[in-house]
Amino acid sequence: MRKLSGSSQKFMYVYFVVIGLFHLYTSVFGAYESYLQKNIHLGLVLPTAFFLFPMFKKAPMDRVPLYDWALGAISAIPSIYVILNYDEIVMRIQQVDPLTAAQFWCGILLFVLLLEGTRRVVGLPLTIIAFLFAAYMYFGQSLPGIMKGLSFSMSEVVEQVYLTDEGIFSMPLGVSATLVAAFLIFGGFLEKCGTGPYFMEVAQAFTGTAPGGPANIAVMSSCLFGSISGSAVANVYGTGTFTIPLMKKIGYPAHFAGAVEAVASSGGQIMPPVMGAGAFLMASFLGVPFVDIIIAAITPAIIYYAAVFLMIRLEAMKRGLRGLSPEELPDKRQVLKKAYLFLPIIGLVYFLFVGMTPMRAAAIGVVISWLVSLPQPDKRMGPKAVIDAIYGGVKNITLVCVACATAGIVLASVSLTGVGVKLVGLVLAFTSGIPLLALFLVMIVSLILGMGLPTTGAYILASALGVPILTKLGFPAISAHMFVFYYAIISNITPPVALAAYAAASIAGSEPNKTGFTACKLGFLAFVTPFAFCYDPGILLQGSMATNLYGILACVVACFGFGFAMMGYLNRNLVLWERLVFVVFAVMGLSPSRLITTVGAVGVIVTWIILLKMGKKEGQTPAAA
């Protein structure tokens, strides 16, 4: 990404503010008709892919070359054409009325420039995937066997991609044009009013003195910050520059410090109330209020972070690491005096739960953020600070917008050709209809897609390909979507392409792959939990109170069993057979059978108690171990 200076930087500042003001206006007064809103959004945002991201590595990084100014301006032409001819386009009969020459060439132009923008912003993987799915629409009839497709002309392909709401301008781009933009602006205001930095103070004050203090700070601050940032990599750079050096200072190895931050930052995307663009997409795909997604995500998110806290504490005890002294940390009473900084988030959650639309709730959150800034002389938001907040939020919209638009090409192919049904048939035949095998296969596909893609793009593709398979096997739709969403997120810590882990390694000065594999170890339970809530929807709070409580308790106990086994430590180093006992009972604790689940959970607890007593008799301490 370019770091502009001079007139180029000033232009981009004003341009992003204009984008922000448009989306803030539609958040307050209501969006335009769906297809029109999406075109305005893409027409505004797509040019920034050429302004901010260079064509090649040796291109200028401090200014925008003339050819990129030209490409950016040209990339807006297809959307401008739709805006100017909107009535004519919406009145035409799809797949009946022929395309005009202008419509055809605008569609081709948008396709080519969108893929080029995607290559620059997101990278080659999504670009190649989108191109192959587009090619399948035209060349599918030439393929042999079960993948042989129907024959579509180039005009039909262009129409599906450009002039319908099942292509580039499908639901993902609609989410980007409304919900994501509104919440990005909300996040910009949270940062400006002091709520973002306050998260770090809370984490320091209330977790810093525990064993491995800085690691606890990293987990809690990343959890809070990530819940509004929606980006694992941004979260790493936002909190890791402070927490990673602290972890190294008290004795954690560099690779472990980086891994802690990567795991904590990745989990922020599953922590309500915001959860990033993927959660908004999930609500749209399922056709449910966003608050339903928040409710379903609460328990898995808490389990995730509880497990990470456990793993870190065990590592700290194993190494004999202590927390920071109270003198090195903010005073709890002083921190609590600023608890009003949580009001924007509390207000957002309240308005979501009373039935207000997410866009309107985000707009009110913006107002509350401005209000809470007023009592703070150093954070009081005047006109300049308000404009800066809008800019700070919207400047990160390029990646989400481009990824959603390009993923729409894949959805166009799935809709037009029925290739999704064919893939479902292939998977079901390959797995012989065995649910567990299908879950493993969808997990692998989701992880592979997520390795080279941002979470938003990975989730869209994984949901298009994996969700139909899981629902066909009888898994609830919300469990299926949450399943692929989880793995799209934790692909950020999964080598060989672990973006969050590599970002953390760059701060820690550690070897990237070693950091990635350590992150996988710390986040191991995140690989297990999705299987649990697929077989027991109670973990997602989708059953009765008794069912939900049983599922949650069993999952927590099983996860703790896995944690003790993975770290090999309780109050002493565990031998191999003790770790295996934990593994066996933990696996049983996640069984679909209630009887086996109960036996497994009880087994973990009994083993836990017995080994604790054995450790006390042996008189071992963390330092001795």
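Going by this note's numbering, the sequence shown opens with residue 4, and the numbers climb by one from there.
Cβ atoms here follow ideal geometry from the backbone N, Cα and C, with glycine treated the same way.
If you draw a straight line from the C-alpha of residue i to the C-alpha of residue j, how long is it?
i: A76; j: M15; result: 13 Å
i: K335; j: G395; result: 30 Å
i: S11; j: G254; result: 45 Å
i: N88; j: I412; result: 22 Å
i: P248; j: F259; result: 12 Å
i: V397; j: V277; result: 16 Å
i: L431; j: I437; result: 8 Å
i: Y553; j: Y462; result: 29 Å
i: A626; j: K321; result: Interpretation of A626 is limited by its pLDDT of 39, a score under 50 that renders its predicted location unreliable; the figure taken from the coordinates is listed afterwards. Roughly 7 Å separates the two Cα atoms.
i: I86; j: Y35; result: 11 Å
i: A237; j: A282; result: 17 Å
i: V445; j: A491; result: 11 Å
i: A319; j: D539; result: 33 Å
i: Q97; j: V417; result: 17 Å
i: N495; j: A508; result: 13 Å
i: K616; j: I305; result: 28 Å
i: P499; j: T246; result: 25 Å
i: L583; j: A529; result: 20 Å
i: L344; j: V125; result: 34 Å
i: G421; j: T434; result: 21 Å
i: I298; j: S466; result: 20 Å
i: V607; j: V67; result: 60 Å
i: M569; j: N219; result: 19 Å
Quick check on residue i: does DSSP put it in helix, strand or coil?
i: N399; result: coil
i: Y572; result: strand
i: F56; result: coil
i: E162; result: helix
i: L687; result: What the structure shows of the chain is the stretch from 4 to 628, and residue 687 is not part of that stretch, so it cannot be assessed.
i: Q98; result: coil
i: A627; result: Residue placement at A627 is flagged as unreliable, the pLDDT there being 36, under the threshold of 50; a coordinate-derived value is accordingly withheld.
i: D90; result: helix
i: V125; result: coil
i: G197; result: coil
i: E169; result: coil
i: Q207; result: helix
i: A34; result: coil
i: R325; result: coil
i: K475; result: helix
i: G541; result: helix
i: R597; result: helix
i: T434; result: coil
i: D65; result: coil
i: Y505; result: helix
i: L377; result: coil
Please classify residue i as buried or exposed, where buried requires at least 16 other C-beta atoms within 10 Å of its C-beta.
i: I314; result: For the sequence presented, residue 314 should be read as Met rather than Ile. With 16 or more Cβ atoms within 10 Å of its Cβ, M314 is classed as buried.
i: R597; result: exposed
i: T103; result: exposed
i: F59; result: exposed
i: D71; result: buried
i: A310; result: buried
i: E204; result: buried
i: P515; result: buried
i: P595; result: exposed
i: Q272; result: buried
i: I613; result: exposed
i: I149; result: exposed
So, do the stretch 164-184 and the stretch 401-409 have three or more beta carbon pairs nearer to each other than 8 Å?
-> yes
Tell me, please, whether the stretch 580-588 touches the stretch 321-340 by the rule of three or more beta-carbon pairs shorter than 8 Å. no
Cβ contact (3+ pairs, closer than 8 Å) linking the stretch 379-392 and the stretch 41-49: no
**Message:** Check whether the stretch 476-487 and the stretch 542-557 touch, using three or more Cβ-Cβ pairs below 8 Å as the test.
**Reply:** yes
Cβ contact (3+ pairs, closer than 8 Å) linking the stretch 45-57 and the stretch 115-122 = yes
_Is it the case that the stretch 148-163 contacts the stretch 350-368, given that we only count it when at least three CB pairs across the two stretches are under 8 Å?_
no
**OP:** State whether the stretch 188-208 contacts the stretch 125-142, with contact taken as three or more CB pairs (one from each stretch) at a distance under 8 Å.
**Re:** no
The stretch 508-522 contacting the stretch 256-273, beta-carbon criterion three pairs below 8 Å: yes
| query | Do three or more CB pairs link the stretch 293-312 to the stretch 556-575 at distances below 8 Å? | reply | yes
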